[in-house]
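*Asks:* According to the numbering used here, the sequence shown is numbered sequentially starting from -16.
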Amino acid sequence: MKKNILLVFLIFFGFFSGKAQSKKGNYEKIRTYKIAYLTEKLNLTDAETKKFWPIYHQYDQKMRLLRKEKRFIFKKKLLNTGQIDEISEKESKEILEKIQRINKQEYEMRTLFYHQISKVISFKKILRLQVSEHNFNRKLMRKLKNKNHKKRS
């Protein structure tokens, strides 16, 4: 068990020490490591694995699209103007309504996912999934931050 965790981490960190690739290629590698990491942390049975991953991938894809839409709103509407003061009251209201709509969709998507996945894995494993996703993302961000810091030095 410990050897498997160590192997996942070595592969994960080895990935970031390699040369830069396309964003899509990087995303696919990160996704692969995330799957390995979550599989290890959740300790899924074969039966759970067969049912869990299709539901998780569908959920993850929809959430990625919602986050991408939200980032687009921020980049296009807020960051490109340079100043929030330059946006009209009407535009501000529209932007907030779009963001609120996306936040609501994210909430509904998570609620549906938890409902679906609770038929496949225990609530304890669902909680472990949340913690493991959070930890994976923190490690990923830390690794990227360190990588960017080394490039600047």
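Using N, Cα and C, we set each Cβ at its ideal position, and we do this for glycine too.
From the DSSP output, in three-state form, read off residue 53 for me.
*Replies:* helix
*Asks:* Can you tell which of 26, 71, 20 has its C-alpha closest to the C-alpha of residue 108?
*Replies:* 26
*Asks:* Out of curiosity, what's the CA-to-CA distance linking residue 120 and residue 18?
*Replies:* 12 Å
*Asks:* Would you identify the three-state DSSP class for residue 114, choosing helix, strand or coil?
*Replies:* Reduced to three states, the DSSP call for residue 114 is helix.
*Asks:* Given a cut-off of 8 Å, decide if residue 88 and residue 49 are closer than it, judged by their beta-carbon atoms.
*Replies:* In contact: residue 49 and residue 88 (Cβ atoms closer than 8 Å).
*Asks:* Could you have a look at residue 95 and say whether DSSP puts it in helix, strand or coil?
*Replies:* helix
*Asks:* Is residue 84 near the ligand PLP, going by C-beta to nearest heavy atom under 7 Å?
*Replies:* This structure does not include the ligand PLP; it has no bound ligands of any sort.
*Asks:* Using alpha carbons as the reference points, say which of 103, 129, 53 lies closest to residue 77.
*Replies:* 53
*Asks:* Rounding to the nearest angstrom, what Cα-Cα distance links residue 57 and residue 51 in this structure?
*Replies:* 10 Å
*Asks:* Measuring CA to CA, which of 35, 39, 47, 32 is closest to residue 10?
*Replies:* 47
*Asks:* If we ignore side chains and look at the alpha-carbon of each, how far apart do residue 182 and residue 81 end up?
*Replies:* Shown here, the chain extends from -16 to 136; a query on residue 182 therefore has no answer.
*Asks:* Buried or exposed, going by whether 16 or more other CB atoms sit within 10 Å of the CB of residue 114?
*Replies:* exposed
*Asks:* Within 10 Å of its beta-carbon, does residue 90 have 16 or more other beta-carbons around it, so buried, or fewer, so exposed?
*Replies:* exposed
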